[in-house]
Amino acid sequence: MPQGGAATRGFGAIGTVRNTISVLREVSINDLREEAEREPTLVVIAPDDGVARELGAALAGDGAHRQPKSASLFAKVDLLDQFDAIVVYDPGNTGRAAELRRMVRTDGPSRVFSFEGASMTDRAALDTTRLTITRRAPDRAPAFGRYYPAFRSAAVRAVIDESARANAEFAFVSNIPAVIPIVGSLAAAGADFLVLTKNQVMLVLKVAAIYGEDLGSYAKILRELAPVVGAGFMWRTVAREAASFLPFAAGTIPKVAIAYTGTVVAGRAAEFYFRYGQRPSAIDVKGFYRDAAEAVGRLSLPKRGIGKTDEAIAIPPANEP
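For the sequence shown, the residue numbers in numbering that gives the first Met the number 0 are 0 to 320.
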């Protein structure tokens with residue numbers, strides 16, 4: 000755990016650490032902990048077993064808890080349904096990936112992924128594969144990042160994306176009248192913001208899990224991170240900060256933009272802390288707001304004044320340009 004020497008400062012942004020931790024009273028940490036600590040199962044299938052092992056090592060990266068399983072392209076792989084991800088490298092275009100997709104039973108998105116790199120060392124293709132895996136199975140993203148350090152960046156992006164989308168969609172369908180005007184009293188929206196804040200707290204803990212933290216010490220994690228992500232938990236602060244960047248005048252619904260932006264900022268601040276072992280600077284945080292605001296500008300939303308419709312919203316990935 001990074002040392003939080005500044006952890007005793009800055010609590011005014013959220014009142015007290017106790018107020019933040021109290022949010023967790025109705026949240027089950029055990030499920031998140033069990034999911035994050037359950038080692039992911041990954042198999043890499045390639046033209047021959049040697050190539051598969053090499054690609055698996057490249058995907059897992061240095062410091063992996065163990066190397067992924069490997070198999071040649073048409074070898075029989077037992078218990079395919081039990082793998083979290085099946086990566087197929089088929090440069091000869093034999094159709095093996097499509098065949099495996101038909102074979103693997105799933106109630107959700109396919110767990111079979113095609114590696115499209117020009118070679119096994121194609122960095123862009125490796126990054127794309129990791130991101131696709133973690134986005135398709137965001138519940139398993141913390142485990143992938145925890146056991147395979149090369150997956151950390153992709154896993155963080157996936158959990159931020161999922162949480163920001165969830166909060167934006169919740170804000171869209173819920174009634175949070177006090178958010179409009181932007182900087183006003185949010186007391187009347189307490190119940191709704193409790194849900195949004197819970198989602199943010201769980202996001203922060205997922206990021207902690209990705210970086211190998213012990214979720215059994217979640218109270219300590221939140222005490223250290225309260226000054227780091229406090230602004231993301233304080234919706235009045237988020238509204239003030241976001242007002243500098245968000246294109247409200249263009250018609251974006253403020254409550255959705257604030258929920259989305261605050262969640263992205265909380266997640267990226269936590270990532271910075273665990274990745275670099277120090278708090279992000281004010282300039283860094285401004286950058287997080289700016290990046291999130293650019294994504295909000297691409298939200299597909301009804302214009303202000305038409306917000307009571309049931310029109311669907313399309314939320315872009317939270318952590319992409």
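Built from N, CA and C at the ideal position, the CB exists for glycine as well.
1. Please classify tyrosine 146 as buried or exposed, where buried requires at least 16 neighbouring CB atoms within 10 angstroms.
2. Look at the alpha carbon of valine 263 and the alpha carbon of alanine 74, and state the distance between them as a whole number of angstroms.
3. Could you tell me the distance, in whole angstroms, from the CA atom of aspartate 106 to the CA atom of phenylalanine 143?
4. Does the stretch 117 to 128 come close enough to the stretch 218 to 226 that 3 or more CB-CB pairs lie under 8 Å?
5. I'd like to check one pair, proline 46 with leucine 58: are the Cβ atoms closer than 8 Å?
6. Threonine 196 to arginine 104, Cα distance in whole Å?
7. Counting only runs of 4+ residues fully inside the stretch 41 to 124, write out the alpha helix (DSSP H) ranges in chain order.
8. I'd like the list of long-range same chain contacts for phenylalanine 150, defined as Cβ closer than 7 Å, with 5 residues on each side in sequence excluded.
9. Here's the rule I'm using: 16 or more other beta-carbon atoms within 10 Å means buried, otherwise exposed. How should glycine 215 be labelled?
10. Kindly indicate which three-state DSSP category proline 141 falls into: helix, strand or coil?
11. Check this for me: beta carbons of valine 323 and valine 43, under 8 Å apart or not?
12. Note down, in chain order, each residue of its chain lying with its Cβ closer than 7 Å to the Cβ of aspartate 48, except the 5 sequence neighbours on either side.
13. Would you mind sorting asparagine 92 into buried or exposed? The rule is 16 or more other CB atoms within 10 Å of its CB.
14. Using only CA atoms, which one of Pro108, Arg135 and Gly62 lies nearest to tyrosine 210?
15. In whole angstroms, what is the alpha-carbon distance linking leucine 99 and aspartate 283?
16. Can you look up alanine 177 in the DSSP assignment and give me helix, strand or coil?
17. Excluding the five sequence neighbours on either side, which residues of its own chain have a C-beta within less than 7 Å of the C-beta of aspartate 83, listed in chain order?
18. Expressed to the nearest angstrom, what Euclidean distance is found between the alpha-carbon atoms of glycine 261 and valine 50?
19. Let me know if alanine 97 comes out buried or exposed under the rule of 16 or more other beta-carbons within 10 Å of its beta-carbon.
20. In angstroms with no decimal places, state the Cα-to-Cα distance between asparagine 174 and arginine 164.
21. Determine, using beta carbons only, whether leucine 79 and alanine 208 come nearer to each other than 8 Å.
22. Where alanine 256 and alanine 157 are concerned, what is the direct C-alpha to C-alpha distance, given to the nearest angstrom?
23. Distance, Cα to Cα, leucine 221 vs aspartate 126?
24. With distance defined between alpha-carbon atoms, name the residue in Ile85, Leu193 and Ala154 nearest to alanine 35.
25. Buried or exposed: which applies to asparagine 29, given that a residue is buried once 16 or more other Cβ atoms fall within 10 Å of its Cβ?
26. To the nearest angstrom, how far is the alpha carbon of valine 194 from that of serine 162?
27. Considering only the alpha carbon of each residue, which of Glu115, Leu204, Phe171 and Arg101 lies closest to valine 87?
28. Taking DSSP as the reference, what is the three-state secondary structure of tyrosine 288?
29. Could you spell out the range, first to last residue, of the alpha helix (DSSP H) harbouring proline 253?
In this structure, then:
1. Sequence index remark: in the sequence shown, residue 146 carries index 147 (1-based). Label assigned to tyrosine 146: buried.
2. Along the sequence shown, read from residue 1 onward, the residue named residue 263 stands at position 264. Along the sequence shown, read from residue 1 onward, the residue named residue 74 stands at position 75. Rounded to the nearest angstrom, the two C-alpha atoms are 43 Å apart.
3. Working through the sequence shown from its first residue, we reach residue 106 at position 107. Working through the sequence shown from its first residue, we reach residue 143 at position 144. When the Cα atoms are used, aspartate 106 and phenylalanine 143 turn out to be separated by approximately 21 Å.
4. no
5. By one-based count along the sequence shown, residue 58 stands at place 59. By one-based count along the sequence shown, residue 46 stands at place 47. Taking a C-beta distance under 8 Å as the contact criterion, leucine 58 and proline 46 do not qualify as a contact pair.
6. Locating residue 196 in the sequence shown gives position 197, counting from the first residue. Locating residue 104 in the sequence shown gives position 105, counting from the first residue. Computed Cα separation, rounded: 36 Å.
7. 48 to 59 and 95 to 102
8. Here residue 150 refers to the residue found at position 151 when the sequence shown is read from its first residue. Counting only Cβ-Cβ distances below 7 Å, and skipping sequence neighbours, we find Arg129, Thr133, Phe143 and Gly144.
9. Counting from one through the sequence shown, the residue named residue 215 turns up at place 216. By the 10 Å Cβ count, glycine 215 comes out exposed.
10. For the purposes of this step, residue 141 is identified with residue 142 of the sequence shown, where counting begins at 1. In this structure, proline 141 counts as helix in the three-state DSSP scheme.
11. This structure leaves residue 323 out entirely; the chain is present only between 0 and 320.
12. In the sequence shown, counting from the first residue as 1, residue 48 sits at position 49. Contacts found: Ser69, Ala70 and Ser71.
13. Numbered from its first residue, the sequence shown carries residue 92 at position 93. Exposed is the call here.
14. Taking the sequence shown and counting its residues from 1, the one referred to as residue 210 is at position 211. Of Pro108, Arg135 and Gly62, the residue nearest in Cα terms is Gly62.
15. Within the sequence shown, the letter at position 100 stands for residue 99. Within the sequence shown, the letter at position 284 stands for residue 283. Approximately 44 Å, taken between the alpha carbons.
16. Walking along the sequence shown from the start, residue 177 turns up at place 178. Residue confidence is low: alanine 177 scores 46 on pLDDT, short of 50, so the model does not pin down where it sits. Its coordinate-derived value is still stated next. If DSSP states are grouped into helix, strand and coil, alanine 177 belongs with the helices.
17. For the purposes of this step, residue 83 is identified with residue 84 of the sequence shown, where counting begins at 1. Excluding positions up to five away in sequence, the list reads Pro39, Thr40, Leu41, Arg110, Ala136 and Arg139.
18. In the sequence shown, residue 261 corresponds to position 262, counting from 1. In the sequence shown, residue 50 corresponds to position 51, counting from 1. Whole-angstrom Cα-Cα distance: 43 Å.
19. The count along the sequence shown starts at 1 and reaches residue 97 at position 98. Exposed is the label assigned to alanine 97, since fewer than 16 other Cβ atoms lie within 10 Å of its Cβ.
20. One-based indexing of the sequence shown puts residue 174 at position 175. One-based indexing of the sequence shown puts residue 164 at position 165. With a pLDDT of 49 at asparagine 174, under the threshold of 50, the modelled position of that residue is not reliable, and no figure is offered here.
21. The sequence position of residue 79 within the sequence shown is 80, counting from 1. The sequence position of residue 208 within the sequence shown is 209, counting from 1. Contact: no.
22. Position 257 of the sequence shown holds residue 256. Position 158 of the sequence shown holds residue 157. Looking at the two C-alpha atoms, the distance is approximately 19 Å.
23. Position 222 of the sequence shown holds residue 221. Position 127 of the sequence shown holds residue 126. Cα to Cα, the separation comes out at about 30 Å.
24. Indexing the sequence shown from 1 puts residue 35 at position 36. Comparing Cα-Cα distances from alanine 35 to each of Ile85, Leu193 and Ala154, the minimum goes to Ala154.
25. Counting from one through the sequence shown, the residue named residue 29 turns up at place 30. Flag for asparagine 29 reads exposed.
26. Within the sequence shown, residue 194 is the residue found at index 195, counting from 1. Within the sequence shown, residue 162 is the residue found at index 163, counting from 1. Approximately 12 Å, taken between the alpha carbons.
27. Your numbering for residue 87 matches position 88 in the sequence shown. Per the Cα distances, Glu115.
28. Taking the sequence shown and counting its residues from 1, one reaches residue 288 at position 289. Tyrosine 288 falls in the helix class under three-state DSSP.
29. What you label residue 253 is simply residue 254 of the sequence shown in a count that begins at 1. Looking at the DSSP string, the run of the alpha helix (DSSP H) that includes proline 253 is 253 to 275.
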